[in-house]
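Residue numbers (the numbering used here), protein chains in the order written: chain A, 1 to 491; chain B, 1001 to 1491. Think of the CB as a built atom: it goes at the ideal place given N, C-alpha and C, for glycine as much as any other residue. Presented below is the structure to which this report refers.
Protein chains: 2
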Amino acid sequence: MAKSKLTSRKENYSEWYNQLVVRADLAEQSAVRGCMVIKPYGYAIWERMQSVLDGMFKSTGVKNAYFPLLIPKSFLCREAEHVEGFAKECAVVTHYRLKNDPEGKGVVVDPEAKLEEELIVRPTSETIIWSTYKNWIHSWRDLPILCNQWANVMRWEMRTRLFLRTAEFLWQEGHTAHATKEEAEEEARRMLDVYAEFAEKYMAVPVIKGVKSANERFAGAINTYCIEAMMQDGKALQAGTSHFLGQNFAKAFDVKFLNKEQKEEYVWATSWGVSTRLMGALIMTHSDDNGLVLPPLLAPEQVVLVPIFKQAEQLQAILERTAPAIDALRKRGVRVLVDDSDKQTPGWKFAEYELKGVPVRLAMGAIDMENNTIEVSRRDTLAKETIPFDSLVDHVISLLDEIQQNIYKKASDFRSANTRKVDTYDEFKKEIEKGGFLLCHWDGTSETEERIKAETKATIRCIPLERDEEKGKCMVTGRPSVGRVIFARSY
Amino acid sequence: MAKSKLTSRKENYSEWYNQLVVRADLAEQSAVRGCMVIKPYGYAIWERMQSVLDGMFKSTGVKNAYFPLLIPKSFLCREAEHVEGFAKECAVVTHYRLKNDPEGKGVVVDPEAKLEEELIVRPTSETIIWSTYKNWIHSWRDLPILCNQWANVMRWEMRTRLFLRTAEFLWQEGHTAHATKEEAEEEARRMLDVYAEFAEKYMAVPVIKGVKSANERFAGAINTYCIEAMMQDGKALQAGTSHFLGQNFAKAFDVKFLNKEQKEEYVWATSWGVSTRLMGALIMTHSDDNGLVLPPLLAPEQVVLVPIFKQAEQLQAILERTAPAIDALRKRGVRVLVDDSDKQTPGWKFAEYELKGVPVRLAMGAIDMENNTIEVSRRDTLAKETIPFDSLVDHVISLLDEIQQNIYKKASDFRSANTRKVDTYDEFKKEIEKGGFLLCHWDGTSETEERIKAETKATIRCIPLERDEEKGKCMVTGRPSVGRVIFARSY
Chain A
1 MAKSKLTSRK ENYSEWYNQL VVRADLAEQS AVRGCMVIKP YGYAIWERMQ
51 SVLDGMFKST GVKNAYFPLL IPKSFLCREA EHVEGFAKEC AVVTHYRLKN
101 DPEGKGVVVD PEAKLEEELI VRPTSETIIW STYKNWIHSW RDLPILCNQW
151 ANVMRWEMRT RLFLRTAEFL WQEGHTAHAT KEEAEEEARR MLDVYAEFAE
201 KYMAVPVIKG VKSANERFAG AINTYCIEAM MQDGKALQAG TSHFLGQNFA
251 KAFDVKFLNK EQKEEYVWAT SWGVSTRLMG ALIMTHSDDN GLVLPPLLAP
301 EQVVLVPIFK QAEQLQAILE RTAPAIDALR KRGVRVLVDD SDKQTPGWKF
351 AEYELKGVPV RLAMGAIDME NNTIEVSRRD TLAKETIPFD SLVDHVISLL
401 DEIQQNIYKK ASDFRSANTR KVDTYDEFKK EIEKGGFLLC HWDGTSETEE
451 RIKAETKATI RCIPLERDEE KGKCMVTGRP SVGRVIFARS Y
Chain B
1001 MAKSKLTSRK ENYSEWYNQL VVRADLAEQS AVRGCMVIKP YGYAIWERMQ
1051 SVLDGMFKST GVKNAYFPLL IPKSFLCREA EHVEGFAKEC AVVTHYRLKN
1101 DPEGKGVVVD PEAKLEEELI VRPTSETIIW STYKNWIHSW RDLPILCNQW
1151 ANVMRWEMRT RLFLRTAEFL WQEGHTAHAT KEEAEEEARR MLDVYAEFAE
1201 KYMAVPVIKG VKSANERFAG AINTYCIEAM MQDGKALQAG TSHFLGQNFA
1251 KAFDVKFLNK EQKEEYVWAT SWGVSTRLMG ALIMTHSDDN GLVLPPLLAP
1301 EQVVLVPIFK QAEQLQAILE RTAPAIDALR KRGVRVLVDD SDKQTPGWKF
1351 AEYELKGVPV RLAMGAIDME NNTIEVSRRD TLAKETIPFD SLVDHVISLL
1401 DEIQQNIYKK ASDFRSANTR KVDTYDEFKK EIEKGGFLLC HWDGTSETEE
1451 RIKAETKATI RCIPLERDEE KGKCMVTGRP SVGRVIFARS Y
């Protein structure tokens, strides 16, 4: 069965994304409102992300642990800003038992099994973790604590989109405790660097490191650092955040330590996380109207070989010819799939692997067998070439590297082409309709930011960590500014 | 600070276990009733288990995926036996929003945010997964589906114990769909073999493969296969189960496929799982009154080096001398920790790593430096020896292997010594008080099994897959039996 084409990005970007996620077997809506099923192919990409990130965290000394899914309602209220930001739209567990319906219709909630205190399915775990750290931390000797957990979380979002905004999502959340402010700030910045390196090196997604304005800050943080990426429709996507929490949670949960001078102090904290939202960023940065484009470093299969055959003997001959090269590729760490199934035609397979974004496709048929050649197609540019079979292994290995670099460069060029300085609010209102990042002077107040958001739907994505000092005037109020910040519409 | 001794196993086995789990930094109770915090050291062991199992699953063709945490209440009722077994004691989400308390006391559940249908935190995922498979399966070409997920689940247990029985626990659950009964049965047996191999080879826990009696079967299964281990108090622990589900869930969720003859058939199913309960089995099988004993293949650190020094120069000299050997060990894949901290004394460190079950401890002080020797202690037997420093690398590598084999043999000998044939019910009542596995004839009826359970607290752990055919008479009713089954008290 030939598949119909995807809606093009130009036609309807949003619809293109929704179709692609489902058609490429990445994820789908479940029977539970707003919750997704991550399908094996999508999960395989997520697993690769996890594995790389986990190694990066561990190399900085972080260890994994696991904290409870459910959080007592009262914990959320301990930190005043946190509850405002998080406690509202969430899944609330009120009972712990069902019973047979007295009227015989299935099961009903047992009214006698009502919890004394409601439990909340974690929207994030600062509160339960800091209530635990209270028992772990007594002296400076117990610090730092560098914990991470890979977990599911829930936020009862009203409008959901696969990977980008779902009621349940998977993520990692790091929670660290430190003896000094400096050490905690350094940790928050270190993890931001880890995220940026991961995004750029593995996902091939260029990002801007910055700090959030007060309006966009994590509820309970002193500073929220972030990495921001630009999607192909010119909208921004926040790809990861790292928070310097000061002593807010230590105070809320009374977590103190005896310092080397035997004086009691509150502990300093950070938290940082990335989620399955990264899948959305990955898909939207590179993919095209033919389907997914995956960076080789994260592709579950980097190379697929499609033998073109009519009889079983032909297939056999192709498999025999190619086996040593496939073996050699695998020995050098390349993930190769050989699709010798006869359930589908070669044409169907070509379309399928294009849709699924396999970086390199190899095809070998009767003529190639005769000439001792093989056809190599790259997914990113869709270019094909026929090469001598004997050069295959080295060719593929350097091609994978080239693809990884090329898609990064393409994304980076796109971002540059869609980033502009804007100096007046009138110009801003016009330019923001075209999408992209607008670099503007801003007076540093929440009021101005809110006015801009209300009037243009654009927000400050971040104050870049690396920016030129440039004295200017706020485009809205004319008040002084020391440098440009990034405005954009965002996911 | 010197640590006080653990309660001994003889004194109070149950208390010994509870203390050990906490003191060895494996896990602790959380602020949420029945839910545990898995601490970094405990989680590191679990991660190693996950990683090995995950590789074993994948090598049989299984792929990971992720399905929603919450399950609509009505789903649980679709399979009649399943709801009886699972739907009762569970966490029920009834609302999706909190609001500020009108009386100003924190937050309260918003009565206007009541869900139309309650959602259950998954106690297991057959129902949500088979409701999903309905959309994935149309033709024989779509089969088999071999999915696994690593996830958290909740069962509202009244009496909980760390790792052994907790309201929330971590596990993997495999769910497969097949075109034929034979293929599904084969899959259930294949995964049982994977579990048994993992338990014996990696955990060094000998297990008996068997099938459950009807009473102990998974709710909704046709057959439940299991592996059963014996703990040091003679009680049995079910370490993993693999279910042949027949067409029960396919019928409940109307999942049919067109076979090669273009006829519609219901799909055949299996599910299989192991959980953080394995941690309990690991701890209770090998550990002693001094603390944890870990099998080298799963120990987060396999070797710890404790330098014994007074001045910094001494430490420096020891580190320089040992560095090449430590390096060589790491290059050969050995996980080595060098504890050169001056926060604690060597004596404290010795006790700590003993408590934490590090398989091999190396100590090097002034005399060893002079003699070019090193002290090697093994955790399993507590034996120490001083060896020439130059033979260290090979010595440690073969010692790790020896320890892995020795603790398996020890556990296996213990099980043999505590497994006995019993032929009369009077003898049974006496013998069951001593613990261990009792091999008895049973008439195959639920009534007899229930009577034995009510009178002795012993249950049939399994009907071993490999057992001698032996005609006999049920020890209770005198009715005929074709072979012995295993009775024991259990966790």
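Exercise for review: For residue 1234 of chain B, collect the residues of the same chain with a Cβ closer than 6 angstroms to its Cβ; drop the 5 residues on either side in sequence, then sort them by chain order.
Suggested key: 1418, 1435 and 1436
Review point. How is residue 1149 of chain B classed by DSSP in three states: helix, strand or coil?
Key: strand
Exercise for review: Closer than 8 angstroms by beta-carbon distance: list the chain A residues that pair up with residue 1089 of chain B, in chain order.
Suggested key: Per Cβ cutoff of 8 angstroms: 96 and 97.
**Study point:** Nearest-angstrom Cα separation, counted from residue 420 of chain A out to residue 483 of chain A
**Key:** 14 angstroms
Practice item. Within its chain, find whatever has a CB closer than 7 angstroms to the CB of residue 8 of chain A; leave out the 5 residues flanking it on each side and keep chain order. Key: 16 and 289
Review point. Taking three-plus beta-carbon pairs below 8 angstroms as touching, is the segment 1016-1029 of chain B in contact with the segment 263-271 of chain A?
Key: no
Review point. From which residue to which residue does the beta strand (DSSP E) around residue 1172 of chain B run?
Key: 1168-1178
Check your understanding: If we count the other Cβ atoms within 10 Å of its Cβ and call it buried at 16 or more, is residue 1426 of chain B buried or exposed?
Key -> exposed
Review point. If you follow the beta strand (DSSP E) that residue 1483 of chain B is part of, which residue opens it and which one closes it?
Key: Looking at the DSSP string, residue 1483 of chain B is not in any beta strand (DSSP E), and its letter there is neither H nor E.
Check your understanding: Expressed to the nearest angstrom, what Euclidean distance is found between the alpha-carbon atoms of residue 407 of chain A and residue 414 of chain A?
Key -> 10 angstroms
Practice item. Verify the CB distance criterion: does residue 343 of chain A have a CB-CB separation below 8 angstroms to chain B? Key: yes
Practice item. Keeping to the same chain, check which residues put their C-beta closer than 7 angstroms to that of residue 1395 of chain B; ignore five residues upstream and five downstream. Key: Taken in chain order, the residues that qualify are 1376 and 1387.
Point to revise | Reference residue 115 of chain A, options B/1114, B/1101, B/1093 and B/1134, closest by Cα | key: B/1093
Practice item. Pull out every residue of the segment 6-37 of chain A whose Cβ sits closer than 7 angstroms to any Cβ of chain B, in chain order. Key: 30, 31, 32, 35 and 37
Review point. Which whole-angstrom value describes the C-beta separation of residue 456 of chain A and residue 428 of chain A, a residue pair presumed to lie in contact below a C-beta threshold of 8 angstroms?
Key: 7 angstroms
Exercise for review: Under 8 angstroms Cβ to Cβ from residue 1317 of chain B, same chain only, skipping five residues before and after it: list those, please.
Suggested key: 1369
Exercise for review: Look at the alpha carbon of residue 1005 of chain B and the alpha carbon of residue 1450 of chain B, and state the distance between them as a whole number of angstroms.
Suggested key: 41 angstroms
Practice item. Give the residues of chain A in contact with residue 1132 of chain B, contact being defined as C-beta atoms less than 7 angstroms apart. Key: 30 and 37
Check your understanding: Can you list, in chain order, the residues of its chain whose CB lies under 6 angstroms from that of residue 54 of chain A, leaving out five sequence neighbours each side?
Key -> none
Check your understanding: Are the C-beta atoms of residue 125 of chain A and some chain B residue less than 8 angstroms apart?
Key -> Look at residue 125 of chain A: its C-beta is not under 8 angstroms from any C-beta on chain B.
Review point. What is the rounded straight-line gap between the Cα of residue 470 of chain A and the Cα of residue 205 of chain A?
Key: 27 angstroms
Review point. Which term fits residue 1380 of chain B, buried or exposed, when burial requires 16 or more other beta carbons within 10 angstroms of its beta carbon?
Key: buried
Practice item. In the DSSP assignment, find the unbroken alpha helix (DSSP H) run with residue 341 of chain A in it and report its ends. Key: Premise fails: residue 341 of chain A is in no alpha helix (DSSP H) and is neither H nor E.
Exercise for review: Go through its chain and collect everything with a Cβ distance to residue 481 of chain A's Cβ below 8 angstroms, but skip five positions before and after it.
Suggested key: 441, 442, 443, 444, 471, 472, 473 and 474
Review point. Could you give the uninterrupted runs of the alpha helix (DSSP H) lying entirely in the segment 73-153 of chain A, keeping only those of 4 residues or more?
Key: 73-76, 80-86 and 126-136
Review point. Hey, out of A/33, A/315 and A/123, whose CA is closest to residue 72 of chain A's CA?
Key: A/123
Point to revise | Reduced DSSP category for residue 353 of chain A - H, G, I as helix; E, B as strand; rest coil | key: helix
Review point. So, is the C-beta of residue 1 of chain A closer than 8 angstroms to a C-beta in chain B?
Key: Residue confidence is low: residue 1 of chain A scores 43 on pLDDT, short of 50, so the model does not pin down where it sits. Its coordinate-derived value is still stated next. Residue 1 of chain A does not count as touching chain B.
Check your understanding: Mind pulling the chain A residues with CB within less than 9 angstroms of residue 1330 of chain B?
Key -> Ordered by position in chain A, no residue passes the 9 angstroms Cβ test against residue 1330 of chain B, which lies about 14 angstroms from the chain.
Practice item. Give a yes or no on whether 8 angstroms exceeds the smallest Cβ distance from residue 1491 of chain B to chain A. Key: no
Review point. Any beta-carbon of chain B closer than 8 angstroms to the one on residue 128 of chain A?
Key: yes
Practice item. Could you tell me whether the segment 95-102 of chain A touches the segment 1095-1103 of chain B, using the rule of 3 or more Cβ pairs below 8 angstroms? Key: No, they do not touch.
Point to revise | First and last residue of the uninterrupted beta strand (DSSP E) at residue 1156 of chain B | key: Here residue 1156 of chain B belongs to no beta strand (DSSP E), and DSSP marks it neither H nor E.
Review point. Residue range of the alpha helix (DSSP H) that residue 313 of chain A falls in?
Key: Run containing residue 313 of chain A: 312-331, per the alpha helix (DSSP H) assignment.
Review point. DSSP on residue 489 of chain A, reduced to helix/strand/coil?
Key: coil
Review point. Which residues, taken in chain order from the segment 60-83 of chain A, show a beta carbon closer than 8 angstroms to some beta carbon of chain B?
Key: 63, 64, 65, 66, 67, 68, 69, 70, 71, 72, 73, 74, 75, 76, 77 and 83
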